[in-house]
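Visitor: According to the numbering used here, the residues represented by the sequence shown are 9 to 157, in order.
From the three backbone atoms N, C-alpha and C, an ideal C-beta is built for every residue, glycine too.
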Amino acid sequence: MSTAKSGDIVRIHYTGTLTDGTQFDSSAGREPLGFRLGAGQIIPGLEREIAGMIVGEKKSATIAATDAYGPYNPGQVQEVPRSALPPEIEPETGMQLQATTEAGQPVNLVVTATSEESITVDGNHPLAGKDLVFEFELVEIVTEPDDAA
Numbered sequence: 009m010s011t012a013k014s015g016d017i018v019r020i021h022y023t024g025t026l027t028d029g030t031q032f033d034s035s036a037g038r039e040p041l042g043f044r045l046g047a048g049q050i051i052p053g054l055e056r057e058i059a060g061m062i063v064g065e066k067k068s069a070t071i072a073a074t075d076a077y078g079p080y081n082p083g084q085v086q087e088v089p090r091s092a093l094p095p096e097i098e099p100e101t102g103m104q105l106q107a108t109t110e111a112g113q114p115v116n117l118v119v120t121a122t123s124e125e126s127i128t129v130d131g132n133h134p135l136a137g138k139d140l141v142f143e144f145e146l147v148e149i150v151t152e153p154d155d156a157a
């Protein structure tokens with residue numbers, strides 16, 4: 009029986025929770041999540057846990073924040089003058105915004121506070137700084153046709 013290895017396309021069913029049991033994501037009711045193992049398409053800690061599994065195997069793993077979305081970075085929180093926003097946007101706490109870096113890369117932001125003159129935005133991933141718990145099952149290793157035909 010083959011085991012999942014770097015370069016394989018795999019499919020998993022999973023449920024992700026915080027250490028307090030709060031669920032943040034699940035593939036339940038959806039198609040399994042497919043990705044190329046070792047290509048950096050999912051968090052590194054989960055990739056390492058899947059490597060070596062066989063189809064049908066189930067696992068539970070706690071992934072440290074450093075192997076998930078990284079530590080929470082207070083430097084990603086900043087105050088922005090309201091005048092920097094388009095006039096049609098009325099910011100509210102919890103609202104998601106997108107900005108562009110000087111290099112042209114999109115950055116997702118969450119409004120964490122508002123005042124008459126400014127807003128505070130947080131550019132950290134919502135799961136940054138959190139250890140994550142995954143229950144998962146390897147449901148398929150996709151065999152690609154041989155190109156050497």
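#1: Is the beta carbon of Val118 less than 7 Å from the beta carbon of Thr109?
#2: Give the straight-line distance between the Cα atoms of Gly28 and Ser10, rounded to the nearest whole angstrom.
#3: Rounded to a whole number of angstroms, what is the C-alpha to C-alpha distance between Gly42 and Ile20?
#4: Which residue wins for smallest C-alpha separation from Glu87, given the options Phe142, Ile62, Ser14 and Pro99?
#5: Mind checking Gly15: buried by the 16 CB within 10 Å criterion, or exposed?
#6: Once you ignore the five residues that flank Thr23 on each side, which residues in its own chain have a CB closer than 8 Å to its CB?
Guide: According to the structure shown:
#1: Reading the sequence shown from its first residue, position 110 is the one you call residue 118. Reading the sequence shown from its first residue, position 101 is the one you call residue 109. Judged by beta-carbon spacing, Thr109 lies beyond the 7 Å limit of Val118, meaning their Cβ atoms are not closer than that value.
#2: Residue mapping note: residue 28 aligns to position 20 of the sequence shown, counting from 1. Residue mapping note: residue 10 aligns to position 2 of the sequence shown, counting from 1. Inspection of the sequence shows that residue 28 is occupied by Asp rather than by Gly. Going from the Cα of Asp28 to the Cα of Ser10 covers about 35 Å.
#3: Within the sequence shown, residue 42 is the residue found at index 34, counting from 1. Within the sequence shown, residue 20 is the residue found at index 12, counting from 1. The straight-line gap from Cα to Cα measures roughly 7 Å.
#4: Here residue 87 refers to the residue found at position 79 of the sequence shown. Taking the Cα of Glu87 as reference, the smallest distance to any Cα among Phe142, Ile62, Ser14 and Pro99 is reached at Pro99.
#5: Counting from one through the sequence shown, the residue named residue 15 turns up at place 7. Its Cβ having fewer than 16 others within 10 Å, Gly15 is exposed.
#6: Here the question's residue 23 lines up with position 15 in the sequence shown. Cβ within range, chain order: Gln31, Asp33, Ser34, Ser35, Ala36, Phe142, Glu143 and Phe144.
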